Each structure stands twice: as C-alpha cells, then as structure tokens.
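Those letters in the sequence shown? Residues 137 to 872, per the working numbering, in order. Notes to accompany the following structure.
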Amino acid sequence: MTLIHVLFDGNQFTGKIPDTLSLVKTLTVLRLDRNKLTGNIPTSLNNLTSLQELYLANNEFTGTLPSLTSLTSLYTLDVSNNTLESSPIPSWISSLRSLATLRMEGIKLNGSIPNSFFSPPQLQTVILKKNQIDSTLDFGASFSNQLEFVNLQYNNIDVYKQPSSNTRIQVMLADNPVCQELGNRPSYCSAIQPNTSYSTIPPACLPCDQGREASPSCCCAHPITGTLYFGSPSFSGLFNSTSFEILQKAIADFFKKSSYPVDSVAIRNIRENATDHQLLIDLLVFPLGRESFNESGMSLVNFAFSNQTYKPPPRFGPYIFRANPYNQFSDRGGSSSSNMGIIIGAAVGAVVLLLLLTLAGVYALRQRKRADRATDQNNPFAKWNTSKSSINAPQLMGAKAFTFEELKKCTENFSEANDVGGGGYGKVYRGILPSGQLIAIKRAQQGSLQGGLEFKTEIELLSRVHHKNVVRLLGFCFDRSEQMLVYEYIPNGSLRDSLSGKSGIRLDWTRRLKIALGSGKGLAYLHELADPPIIHRDIKSNNILLDENLTAKVADFGLSKIVGDPEKTHVTTQVKGTMGYLDPEYYMTNQLTEKSDVYGFGVVMLELLTGKSPIERGKYVVREVKTKMNKTRSLYDLQELMDTTIIASSSNLKGFEKYVDLALRCVEEEGVNRPSMGEVVKEIENIMQLAGLNPNVDSASSSRTYEEAIKGSGDPYGKGSFEYSGNFPASKLEPQ
C-alpha cells in the first residue's frame with residue numbers, strides 16, 4: 137500500500153511534526169493546518185520530493201522557515217499565521233518552478249521583495265499580507281505570465297512600480313505607506329470585496345413566479361440547486377468573472393456531452409470561507425424541455441457530482457456538492473395551485489363523506505356475503521386447489537400450494553429459533569417438512585404484499601425454473617392474507633458471508649473459480665434457456681448461495697423482469713438494484729438488458745478476487761483494480777488488492793490474468809462491449825482448463841476436502857441473502 141495523502145487539518149493536534157514523516161517519500165499532499173502544532177518546521181520536509189501541496193497554516197510553529205528547494209513539484213505552499221521569528225523573504229521561493237499558490241500571511245517577514253520572487257513560471261496567487269515587508273514592490277522583468285493576484289495589505293511598502301506588460305494582475309496594497317501618501321486612491325489601494333452578486337443569469341430576464349427560476353436563456357423552470365465547495369487554498373478569481381464563465385461552460389458541456397436531461401446551468405453568489413480556505417458557489421441546473429426534472433433525471437444529475445463523474449477545471453481543485461431538497465418532480469404531477477384544489481376538494485369530500493357514512497355502513501353489511509363469494513371466485517389460485525394439505529412433492533404448476541397451518545407447524549409457529557434472516561421483503565424462516573426435508577420460507581411483511589394476480593404470475597415464472605445453479609422454488613402460501621415462498625434450504629449461506637469470513641468457510645483460488653463458473657451458468661440459464669428469458673436485475677454476492685458441496689446457486693430473482701417479447705431487447709423501468717453492482721448504462725437510460733446482469737456479475741468476479749465489498753471506505757473495486765493494474769508485471773501487479781486467502785492457500789494461479797481481463801470486460805461502461813453470459817461461462821471454463829482443472833467436476837471435490845473448508849457456519853440466510861423477494865419494492869440504491 138502506498139500513502140500519498142495525509143489530511144490532518146482542522147484537528148486539535150499538539151506537539152511537533154515527527155521527523156519520521158519525511159520517510160514517506162510517496163506523499164503528494166500534506167495538510168496539517170488549523171491545529172496546535174509547535175516547535176520548528178522540520179528541515180526534513182525537504183526530503184518529500186513528491187510533495188505537491190503543503191499546508192502548515194494556523195499553528196504555533198516557531199523558528200524560521202526551512203529551505204524547501206528540493207520540492208520541485210510543489211504546487212501549493214501555505215505557512216500563514218504561525219509565530220515564526222522575524223526573517224527576510226526566502227530567496228529560494230524562486231526555485232520552486234511548479235509553484236502556483238503561495239500564502240505567507242502573518243509570519244513576520246521583513247525587508248524588501250527579491251527581484252526574482254515572482255519568477256516561478258506557474259505562479260498565479262501570492263498572499264503576503266500582515267508582515268513587515270518594506271521598500272518597493274517591483275515585479276521585475278521576469279515575473280510569471282500566469283500571475284493574477286498579489287495581496288500585500290498591512291505591510292510597509294512605500295513605492296509601487298506597476299508592470300507594463302501584464303495589466304490583469306490584481307494587486308492589493310491597502311494599509312501600506314504608498315496608499316497613505318496618494319491623493320487620488322488608485323484601485324490597488326482599496327480592499328477589494330468578493331463579487332458575491334456575480335451571476336451567469338442575464339439580468340434582463342423577466343422575473344418568474346411560483347418558486348421558479350430564470351435560466352440563462354430566460355426560461356422559467358424548477359432547477360436543481362445546491363452549493364459547490366471547492367478546496368483550493370486561495371481564489372484570485374473571486375474578482376475575475378472569466379474564471380466562473382469557464383466553470384459554467386465546463387459543467388454545461390459535461391451534461392451535454394453525456395446526454396443528461398439538462399438544458400443549461402447557472403452559477404451565482406460566489407464567496408470564500410476564509411476559515412477553511414474554501415470557495416463556495418451556488419449552482420442551478422435547469423431541466424431540458426420541461427419545467428421540472430423527473431426523479432430519475434434528478435438522481436442522474438446529483439450522482440454526477442456525488443460520484444465525482446464531473447471533473448472541474450484543474451485550477452478549482454477538489455470539490456463536493458451539497459444539493460438542496462428537490463420536490464418539484466414532473467412525474468409526480470401537480471403544482472401548488474393544483475395541490476390547493478386537491479385540499480379544497482378533500483375538505484368538501486370529507487363533509488359529504490360524513491353524510492354518507494351511515495348509508496355506507498348499512499350497504500356494507502348487505503354486501504358482505506356477496507363480496508366473500510366474489511373473493512372466492514376471483515381467487516387467482518382457485519384452480520390450483522390450495523385446499524389440499526398434503527406436504528408431498530408439488531402437485532400443480534411445478535409448485536406446491538401450502539396452507540398457513542402447514543408452514544406454521546413446519547416452523548414451530550414461526551419461532552425466533554427458526555428466524556434465520558431477512559431483508560426488505562420480510563423474514564426468512566427455516567422449516568422442516570414431515571418428510572424431514574429442510575426448507576427456507578420467505579414470509580412477506582404487510583408493507584410488501586403484492587396483488588394476488590401479480591403473486592400468482594411470479595410463482596408461475598419461478599416454478600418453471602429448474603437448474604442446479606439456481607435456487608429451486610418448492611411451493612408457496614396464499615392463505616389468511618399471507619404471502620410466502622418456499623425454497624430449498626441452502627445450508628452454507630451467501631458468497632458474501634464466505635468472503636467476509638462470517639460463515640467460516642475458506643475459499644481458495646480453485647473454489648472461487650468453481651463458484652464463478654456455477655453462478656455464471658445459473659445466470660446464463662436465466663438469460664438464454666428459461667422460457668421466457670429472465671433478467672435478474674440484482675446480481676450480487678449476497679444473492680449467490682452455497683450449498684453443502686459449495687455449489688453456487690443464484691437466488692432472489694423474484695425482483696427479476698421477464699423478457700417476453702423476442703423483438704424487445706430491453707425493459708424500461710425505474711432504477712432498482714444495489715449500489716456498486718449497478719450498470720452505469722442502466723442507471724442513465726433506465727433500459728434494462730441482460731448486459732446489466734453481466735455488469736453485476738463482473739463486479740462479483742472482482743469480489744472473488746479481492747474479498748472486498750464493491751464499495752468500501754468510499755473506494756469502488758472496479759476503479760481500484762483498473763487503476764492499480766499493470767499488465768507488464770506478474771499477476772498484473774494486483775497482489776496488494778488480492779484476498780490474502782488466495783495468496784496463502786493457492787500455489788497454482790494459472791489463468792489469473794485471463795480471469796481479470798474477463799471481469800473487466802464484464803464491467804465495460806457500455807453494454808455493447810460486454811460479453812453475453814454464455815460467452816462468460818465458456819471463458820471461465822477455458823480459464824479452469826488452463827489451471828489444470830476440470831470444469832465439469834462439482835465444487836466440493838475440486839479443491840482439498842469440504843470439511844477442510846468449513847469452520848462452523850452460522851445462519852445461512854443473513855440480512856443480505858434473499859434481500860429482495862417476489863415483491864417489487866421502491867428503488868433501493870444504498871450500499872448493502
């Protein structure tokens with residue numbers, strides 16, 4: 137592992153900077169500002185030759201500033217507001233050829249400014265205020281042509297020689313003798329205030345009503361609003377509108393190039409947080425071709441910022457975006473005026489309702505028996521003869537209809553001892569049939585119940601699925617307002633449980649290849665051999681279960697979508713799935729295809745490689761592998777990311793590189809570049825043959841012994857397993 141950033145700013149750290157810090161030669165950013173550090177600034181910092189940003193401001197350092205001439209990559213240096221000894225301006229500053237931003241405020245600098253001080257070719261911003269600098273401010277003949285802002289307020293400058301070749305430099309000399317002796321105060325003698333009134337919305341636009349905003353094209357709409365927080369240490373551009381016009385254009389071009397539903401963007405209210413050295417800009421993003429965004433459009437825009445898909449111009453540095461609440465969705469319908477109409481209508485309706493309650497009660501009593509008869513006639517399971525209570529094999533439609541009493545008895549009245557997990561759908565119980573067969577019963581909670589016809593349609597679908605790598609549906613219960621699905625019991629839990637160490641099962645490289653092959657075969661079956669074909673929609677390690685032989689079984693495709701029309705290659709639907717496994721193309725277009733499942737499977741393949749969840753501590757496994765991978769080195773130089781169990785227990789890693797190549801093909805940004813699941817299965821079989829393995833041998837016998845792999849499994853159906861059932865819940869995008 138390589139350490140490149142140390143970000144300890146804004147804490148209460150005391151004491152000295154340890155000399156051992158200089159041993160970390162890979163550091164590029166060191167932030168120790170806004171602490172209570174004391175002692176001298178160590179000269180050993182000069183050994184950090186890769187350093188690009190150094191922040192030591194607002195501490196209690198003493199002594200003098202050491203020479204940092206070896207920091208040739210240094211881009212930002214901030215040593216402001218420390219109790220250093222009075223000393224001349226360091227002459228070595230001019231040797232820092234990459235320096236762009238320099239802050240040396242309030243550190244008792246004295247004397248005149250060296251002739252070559254402004255010569256670093258990248259220099260843009262210099263802040264030397266509140267020092268004891270005297271004599272003449274002269275930029276000389278070799279100052280940087282990038283220079284934009286120089287602040288020397290509260291010093292002793294008595295002469296200013298203005299440059300003739302660069303008139304864009306903004307100079308601040310307020311509270312210097314040179315300004316006290318002048319009759320007509322020039323602009324450099326004024327304390328320039330940030331132009332917080334700056335806005336890219338034309339002032340000539342007519343005002344909008346009903347909470348709408350005018351766009352740059354003067355169209356009234358409900359934009360997504362929020363604040364951009366940029367982390368660069370100083371911003372001379374606060375006084376230069378060109379910089380913000382560039383930023384606005386960059387954001388608008390990004391949305392246009394990415395085909396987002398965005399018409400235009402605007403920025404306004406630009407200000408600086410002096411405490412944290414942050415630039416704050418209010419951003420407005422306007423919808424394309426309508427007055428409001430729909431929910432998916434709003435999610436898409438916010439995701440572009442939260443996932444850092446959008447990259448600002450380099451001079452603005454890192455950023456975060458804090459969005460304001462948005463409640464004007466076009467797909468929810470109704471403006472404030474229509475809502476008022478609804479309220480008035482509801483009030484009138486309530487009065488009428490009171491008058492009708494008595495009559496309705498009498499009518500309801502008379503209709504009760506008729507309604508009961510209609511319910512029986514409309515029971516979608518009537519033809520399935522659910523009154524029979526035999527607990528043998530399924531009798532009709534490939535799935536057994538269980539009564540509530542039968543399942544109650546199997547689970548000892550749904551006791552806590554038999555509660556083995558659950559998720560958004562409800563709870564999962566372990567049960568034992570009179571024959572001794574173990575079953576897993578998914579019992580829907582009240583908020584997750586479907587309509588009878590929808591539940592029946594799903595059972596008809598699930599009962600036709602038969603493959604050794606797909607969890608088998610044994611039956612169902614539609615009785616006493618209950619909806620339950622009965623599956624074969626899978627004793628060793630989910631793949632995620634094994635990778636995390638929760639189950640106590642150790643998976644070497646051979647076992648992982650077998651699991652990849654088995655789950656791939658199950659998914660390929662759903663795509664290519666099931667009738668009609670099925671798209672899973674939520675492939676993840678929690679939905680791949682391991683049986684007593686460690687054979688992988690794909691589970692929980694109740695959230696799936698049927699692709700019934702052979703001419704239709706996708707399903708359009710609201711975005712559902714699990715963050716980290718979600719196909720970026722699906723997220724942008726809402727068009728679901730088999731290639732969406734392939735993306736999730738590719739992430740699972742990388743999980744098998746690393747042992748980590750797709751998103752851990754803000755790091756995405758796909759991005760980490762792509763960034764770290766070096767194809768010229770052994771194992772693609774991925775040893776640091778690999779699960780230690782693979783390295784410790786596997787001596788034969790033949791085919792490893794082809795496995796990585798296949799996984800990365802599965803997670804290509806565009807679905808057209810991904811293989812089909814049938815192609816994935818064939819390639820995994822080839823990889824196994826390269827490793828000297830027979831892809832047709834079952835998992836348990838493929839690597840050592842089954843007993844060796846088991847270390848005492850816990851409950852197999854944890855919170856993640858079977859998390860989505862046959863229900864179609866609201867959109868779920870959080871990491872699991």
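Think of the CB as a built atom: it goes at the ideal place given N, C-alpha and C, for glycine as much as any other residue. These figures come from a predicted structure and were not determined experimentally.
Give the straight-line distance between the Cα atoms of Glu-541 and Leu-649, rounded to the nearest whole angstrom.
Taking the straight line from one Cα to the other gives about 43 Å.
So Pro-313 is in the beta strand (DSSP E); what residue range does that whole segment cover?
Segment 313-316 is the alpha helix (DSSP H) holding Pro-313; no beta strand (DSSP E) there.
Using DSSP with H/G/I as helix, E/B as strand and the rest coil, what is Asn-194?
Here DSSP, grouped into helix, strand and coil, assigns Asn-194 to coil.
Close beta carbons around Ser-677, own chain, < 6 Å, minus the five adjacent residues each side
Only Leu-631, Arg-632, Val-740, Glu-743 meet the Cβ criterion.
Look up Phe-422 in the DSSP assignment and say whether it is helix, strand or coil.
Of the three classes helix, strand and coil, the one that applies to Phe-422 here is strand, per DSSP.
Would the region 268-278 count as touching the region 288-300 if we require 3 or more Cβ pairs under 8 Å?
The way I'd put it, the region 268-278 does touch the region 288-300; three or more beta-carbon pairs between them come closer than 8 Å.
Between Tyr-324 and Gly-199, what straight-line distance do the alpha-carbon atoms span, to the nearest angstrom?
Looking at the two C-alpha atoms, the distance is approximately 33 Å.
Taking Thr-336 as the reference, which of Leu-383, Leu-342, Tyr-365 has the closest Cα?
Comparing Cα-Cα distances from Thr-336 to each of Leu-383, Leu-342, Tyr-365, the minimum goes to Leu-383.
Classify Lys-393 as buried or exposed, calling it buried when 16 or more other Cβ atoms lie within 10 Å of its own Cβ.
Classified as exposed, Lys-393 has fewer than 16 neighbouring CB atoms from the shown chains inside 10 Å of its CB.
Starting from the C-beta of Leu-643, find all residues in its chain whose C-beta is less than 6 Å away, skip the five residues before and the five after it, and write them out in chain order.
Residues of the same chain with a CB within less than 6 Å of the CB of Leu-643, apart from the 5 flanking positions on each side, are Ser-634 in chain order.
Short of 6 Å in beta carbon distance, which residues of its chain neighbour Lys-266, apart from the five on each side in sequence? Order them along the chain.
Taking Lys-266 as the centre and dropping the five residues before and after it, the same chain places the C-beta of Glu-241, Gly-242, Tyr-290 closer than 6 Å to its C-beta, in chain order.
Can you list, in chain order, the stretches of the alpha helix (DSSP H) that have 4 or more residues and sit fully within the region 751-782?
Listed in chain order, the alpha helix (DSSP H) runs fully inside the region 751-782 are 757-764, counting runs of at least 4 residues.
Give me the residue from Arg-170, Gln-148, Ile-140 with the minimum Cα distance to Leu-157.
The alpha carbon of Leu-157 has as its nearest neighbour, out of Arg-170, Gln-148, Ile-140, the alpha carbon of Ile-140.
Boundaries of the alpha helix (DSSP H) in which Lys-731 is found, first to last residue:
First-last of the alpha helix (DSSP H) with Lys-731: 730-746.
Does the region 546-565 come within contact of the region 590-605, defined as at least 3 CB pairs closer than 8 Å?
Taking 8 Å as the limit for Cβ pairs, the verdict is that the region 590-605 does not touch the region 546-565.
For Asn-171, is the classification buried or exposed, using 16 other Cβ atoms within 10 angstroms of its Cβ as the cut-off for buried?
So Asn-171 ends up on the buried side.
Identify every run of the alpha helix (DSSP H) within the region 579-654, keeping only runs that are complete inside it and at least 4 residues long; order them along the chain.
Listed in chain order, the complete alpha helix (DSSP H) runs (minimum 4 residues) inside the region 579-654 are 588-599, 631-636.
From Asn-788 to Asp-779, what distance separates their C-alpha atoms?
Those two C-alpha atoms are separated by around 15 Å.
With distances taken Cα to Cα, identify the nearest neighbour of Thr-611 among Pro-627, Phe-591, Asn-628.
It is worth fixing the name first, because residue 611 is Gly in this sequence and not Thr. Ranking the options by Cα distance to Gly-611, first place goes to Phe-591.
Tell me the DSSP secondary structure of Lys-392 in three-state form.
DSSP places Lys-392 within a helical segment (H, G or I) once states are collapsed to three.
In the DSSP assignment, find the unbroken beta strand (DSSP E) run with Lys-172 in it and report its ends.
Counting along the chain, the beta strand (DSSP E) containing Lys-172 begins and ends at 172-176.
Quick check on Gln-384: does DSSP put it in helix, strand or coil?
The three-state reading of DSSP puts Gln-384 in helix, counting H, G and I together.
Which term fits Gln-825, buried or exposed, when burial requires 16 or more other beta carbons within 10 angstroms of its beta carbon?
The residue in question, Gln-825, is exposed, as its Cβ has fewer than 16 Cβ neighbours within 10 Å.
8 Å Cβ cutoff, Asn-194 in contact with chain D
Reference to chain D is not applicable here, since this structure consists of a single protein chain.
C-beta atoms of Ala-666 and Leu-681 nearer than 8 Å:
No. Outside cutoff.
Between the beta-carbon of Pro-423 and the beta-carbon of Ala-350, is there less than 8 Å?
Cβ atoms of Pro-423 and Ala-350: not closer than 8 Å.
Give me, in chain order, the residues of the same chain whose beta-carbon lies closer than 8 Å to that of Gln-148; leave out the 5 immediate sequence neighbours on both sides.
The beta carbon of Gln-148 lies closer than 8 Å to those of Asn-171, Lys-172 in the same chain, with the five residues before and after it left out.
If you check the beta carbons only, do Leu-264 and Asn-287 fall under 8 Å apart?
In terms of Cβ geometry, Leu-264 and Asn-287 form a close pair [threshold 8 Å].
By how many angstroms is the C-alpha of Cys-354 removed from the C-alpha of Tyr-211?
Approximately 40 Å, taken between the alpha carbons.
Since Met-715 is in the alpha helix (DSSP H), which residue starts that stretch and which ends it?
Premise fails: Met-715 is in no alpha helix (DSSP H) and is neither H nor E.
Specify, as a first and last residue, the run of the beta strand (DSSP E) that Gly-916 falls within.
Nothing in the structure corresponds to residue 916, since the chain is present only between 137 and 872.
Expressed to the nearest angstrom, what Euclidean distance is found between the alpha-carbon atoms of Ser-252 and Ser-230?
The alpha-carbon atoms of Ser-252 and Ser-230 are separated by roughly 6 Å.
Classification of Lys-689 by the beta-carbon crowding that lies within 10 angstroms, buried from 16 upward:
Lys-689 comes out buried.
Grab me the residues of Val-160's own chain with a C-beta within less than 8 Å of its C-beta, minus the 5 sequence neighbours each way, in chain order.
Excluding residues within five positions, the ones whose Cβ falls inside 8 Å are Leu-139, Val-142, Leu-184.
Out of Thr-687, Cys-315, Val-803, state which residue places its alpha-carbon closest to the alpha-carbon of Asn-832.
For the residues Thr-687, Cys-315, Val-803, the minimum Cα distance to Asn-832 belongs to Thr-687.
Contact set for Phe-792: own chain, Cβ-Cβ below 7 Å, skip 5 residues either direction:
Leu-771, listed in sequence order.
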